[in-house]
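Residue numbers (full-length UniProt numbering), protein chains in the order written: chain V, 1 to 241; chain A, 1 to 241.
Every residue, glycine too, gets a C-beta built ideally from N, C-alpha and C.
To keep things clear, I will list the structure first and then write my remarks on it.
Protein chains: 2
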Amino acid sequence: MSAVLTPDALVESLHAIGAERYHDRHPYHHRMREGGCSKAEIQAWALNRYYYQSRIPVKDAIILSRMEDPALRRAWRQRILDHDGDAEGEGGIERWLKLAEGVGLDRADVVATRGILPGTRFAVDAYLSLVRERSLLEAIASSLTELFSPRIIQDRVSGMLANYPFVTSETLAYFTARPEQARRDVDVALAYVRRHAVTPDSQADVQTALRLKCDILWAMLDALDHAYGERGQVPPGAWRP
Amino acid sequence: MSAVLTPDALVESLHAIGAERYHDRHPYHHRMREGGCSKAEIQAWALNRYYYQSRIPVKDAIILSRMEDPALRRAWRQRILDHDGDAEGEGGIERWLKLAEGVGLDRADVVATRGILPGTRFAVDAYLSLVRERSLLEAIASSLTELFSPRIIQDRVSGMLANYPFVTSETLAYFTARPEQARRDVDVALAYVRRHAVTPDSQADVQTALRLKCDILWAMLDALDHAYGERGQVPPGAWRP
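Encoded structure:
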């Protein structure tokens with residue numbers, strides 16, 4: 001087995017995983033940012049990604065249910081508050097629905113997740129399985145893709161506003177709140193990982209969990225690309241533009 | 001809600017689902033059969049599909065663990081025997097490994113499932129989740145893609161033998177045993193479904209489970225097609241020819 005890493009070296013290894021596997025390297029992201037996507041591709045992205053967004057508080061509730069420390073639960077529950085808001089019409093999921101409506105989708109269709117790609121469903125459900133079945137350390141570590149999200153969000157927002165006349169900054173309001181929330185969430189998760197991943201095995205687990213999470217995000221874009229990209233092979237039963 | 005179907009009409013509706021969604025309609029299958037696949041595409045198919053094969057007895061053990069009726073368990077356990085064999089070197093999984101070796105892969109690499117596509121892993125794991133989390137009726141119904149498998153197997157075997165010099169009938173021995181096993185398995189599953197799916201809701205559940213299983217098989221070929229087909233976008237970490 002490899003030697004134990006210092007906490008800083010472990011974090012460095014996580015950044016290396018992101019540099020290799022995070023979905024800001026995916027062709028679909030590049031096309032979306034650079035104006036190369038059709039409106040249907042943007043709509044398919046919003047529709048499918050809604051399923052991911054809708055599972056985030058469920059995922060965080062599973063993680064919360066596995067934490068024994070009230071202080072840690074207090075820090076982690078903020079994620080659920082962010083996504084569900086304090087009242088009808090607030091929170092991240094609601095802002096994602098505004099995004100979906102903003103690009104021309106019907107709200108009720110999006111909420112029903114009818115027509116999402118099987119590849120989306122299987123990838124997102126794999127995220128729920130991960131946080132349910134692996135150790136709490138791995139569940140927490142899988143959230144660390146947020147280390148890389150402020151960069152992709154900035155990229156995506158500026159690119160989409162510049163390149164698609166039908167995309168407005170109100171439509172993209174979801175992303176305005178996210179970078180600050182992500183930085184705060186990362187602080188909590190990273191502190192936990194630095195403190196608890198102190199053996200070669202647990203450090204390898206953390207790396208594997210982050211790789212798996214990157215694979216989940218990547219597979220979601222692969223599924224979109226395959227169905228709605230150039231070749232356009234929409235699977236039976238999935239949304240057709 | 002829709003009216004209750006007779007058992008025969010229910011079975012007819014299942015065949016209609018197969019006609020729309022079974023993976024014998026997938027472009028990758030057609031290309032494979034007609035000689036349009038590269039050797040790397042055949043290898044990638046064998047490598048990835050091994051993960052599916054290796055999960056079959058696990059899937060059937062989960063289903064077995066949920067059955068209360070010894071007679072039903074006796075009938076169902078045959079599936080596990082078929083795949084695991086009676087001794088080292090026997091059974092369906094072993095025959096799949098022979099297939100993988102026959103097309104030029106290293107046995108140990110295949111068994112390790114290193115380099116399989118995340119899309120494969122998520123789809124196959126979704127099958128395990130289905131049989132674990134949904135009702136026993138739905139778990140059993142999800143096996144009914146075997147209603148359609150004798151046809152695709154015949155298609156695949158004759159096409160592959162005709163079109164790929166590196167594929168021999170010894171390599172494809174896995175498929176020799178399958179059609180008869182599948183027919184016997186289908187009899188058991190179909191008898192159960194006909195007897196127990198006797199309300200509109202349970203009949204809809206059966207249809208949904210079969211659709212989901214078709215989506216799983218379809219998503220596996222989508223992932224292969226996207227990674228190893230014409231455009232060849234292999235995800236980070238996956239096998240490269």
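For R211(V), is the classification buried or exposed, using 16 other Cβ atoms within 10 angstroms of its Cβ as the cut-off for buried?
The residue is buried, with at least 16 neighbouring Cβ atoms inside 10 Å.
Let me know the alpha helix (DSSP H) ranges lying completely inside the stretch 174–238 of chain A, each 4 residues or longer, listed in chain order.
Those alpha helix (DSSP H) runs which fall completely within the stretch 174–238 of chain A and span 4+ residues are 200–228.
Can you pull the chain V neighbours of G119(A), defined as C-beta to C-beta under 8 Å?
By Cβ distance, chain V contributes G119, F122, A123, A219, D222, A223.
Does A87(A) come out as helix, strand or coil in the three-state DSSP assignment?
Coil, per DSSP.
Contact criterion: CB-CB distance below 8 Å. Does G85(V) meet it with respect to chain A?
G85(V) does not count as touching chain A.
Check each residue of the stretch 129–156 of chain A: if its Cβ is closer than 9 Å to any Cβ of chain V, include it; give the result in chain order.
Here the close residues are S129.
Using only the alpha-carbon positions, how far apart do I93(V) and A61(V) sit?
Between I93(V) and A61(V), the C-alpha separation is close to 15 Å.
So with CB distances below 9 Å, who are the chain V contacts of P241(A)?
Within 9 Å Cβ-Cβ: nothing; P241(A) doesn't reach chain V, min ~18 Å.
Using a Cβ-Cβ cutoff of 8 Å, what residues of the stretch 3–24 of chain V are near chain A? List them in chain order.
Those residues of the stretch 3–24 of chain V that come within reach of chain A (Cβ to Cβ, closer than 8 Å) are E20, R21.
Please list the partners that R31(A) has in chain V, where partner means a Cβ-to-Cβ separation under 8 Å.
Ordered by position in chain V, no residue passes the 8 Å Cβ test against R31(A), which lies about 12 Å from the chain.
For the alpha helix (DSSP H) that P241(A) lies in, which residues bound it at each end?
No alpha helix (DSSP H) holds P241(A); DSSP gives it neither H nor E.
Going along the chain, which residues of the stretch 198–211 of chain A sit with their C-beta nearer than 9 Å to a C-beta in chain V?
Here the close residues are R211.
Count the other CB atoms, across all protein chains shown, that sit within 10 Å of the CB of D71(A); report buried if there are 16 or more and exposed otherwise.
One point to set straight first is that residue 71(A) is Ala, not Asp, in the sequence displayed. Exposed, because fewer than 16 other Cβ atoms sit within 10 Å of the Cβ of A71(A).
Any contact of the stretch 145–161 of chain V with the stretch 24–40 of chain V, i.e. 3+ C-beta pairs under 8 Å?
Yes, they touch.
Does the Cβ-Cβ distance between D155(V) and D24(V) come in under 8 Å?
In this structure, D24(V) lies closer than 8 Å to D155(V) by Cβ.
Tell me whether the beta-carbon of A100(A) lies closer than 8 Å to the beta-carbon of M220(A).
Not a contact, by the Cβ cut-off of 8 Å.
For V4(V), collect the residues of the same chain with a Cβ closer than 8 Å to its Cβ; drop the 5 residues on either side in sequence, then sort them by chain order.
Same-chain partners within the cutoff: V198, T199, P200, Q203.
Expressed to the nearest angstrom, what Euclidean distance is found between the alpha-carbon atoms of E90(V) and A126(A)?
Those two C-alpha atoms are separated by around 32 Å.
Candidates V167(V), T6(V), R183(V): which alpha carbon is nearest K39(V)'s?
The residue with the shortest Cα to Cα distance from K39(V) is V167(V).
Within 10 angstroms of its Cβ, does E20(A) collect 16 or more other Cβ (buried), or is it exposed?
Exposed.
Which two residues bound the contiguous alpha helix (DSSP H) that contains D109(V)?
D109(V) -> alpha helix (DSSP H) spans 107–112.
Quick one: does H226(A) have its CB under 8 Å from some CB of chain V?
At least one chain V Cβ lies under 8 Å of H226(A).
Hey, would you say S135(A) sits closer than 8 Å to S129(V), going by beta carbons?
The answer is no: Cβ separation not under 8 Å.
So, using beta-carbon positions, are V110(V) and L47(V) closer together than 8 Å?
Against a cut-off of 8 Å, the Cβ pair of L47(V) and V110(V) comes out as a contact.
Please confirm if G115(A) has its CB atom under 8 Å from at least one CB of chain V.
No, G115(A) does not count as interfacial toward chain V.
Are the beta-carbon atoms belonging to D185(V) and E138(V) less than 8 Å from one another?
Cβ atoms of D185(V) and E138(V): not closer than 8 Å.
Please classify D187(A) as buried or exposed, where buried requires at least 16 other C-beta atoms within 10 Å of its C-beta.
By the 10 Å Cβ count, D187(A) comes out exposed.
Would a C-beta distance cut-off of 8 Å place residue 270(A) and Q207(A) closer than the cut-off?
A question about residue 270(A) goes unanswered here, because the residues of chain A that appear run from 1 up to 241.
Under a three-way DSSP split, which group does F122(A) fall into?
F122(A): helix per DSSP, three-state reduction.
Do you know how far the Cα of E41(V) is from the Cα of R183(V)?
Whole-angstrom Cα-Cα distance: 29 Å.
So is P70(V) in contact with chain A if we call contact Cβ pairs under 8 Å?
It does not; no Cβ of chain A falls within 8 Å.
Would you mind telling me which residues of chain A sit closer than 8 Å to P27(V), beta carbon to beta carbon, in chain order?
Result: Q233.
Cβ of G237(V) less than 8 Å from any chain A Cβ?
Judged by the 8 Å Cβ criterion, G237(V) is in contact with chain A.
Would you mind stating whether Q53(A) and V103(A) have Cβ atoms separated by less than 8 Å?
Contact flag unset, no.
If you check the beta carbons only, do S143(A) and A189(A) fall under 8 Å apart?
Yes.
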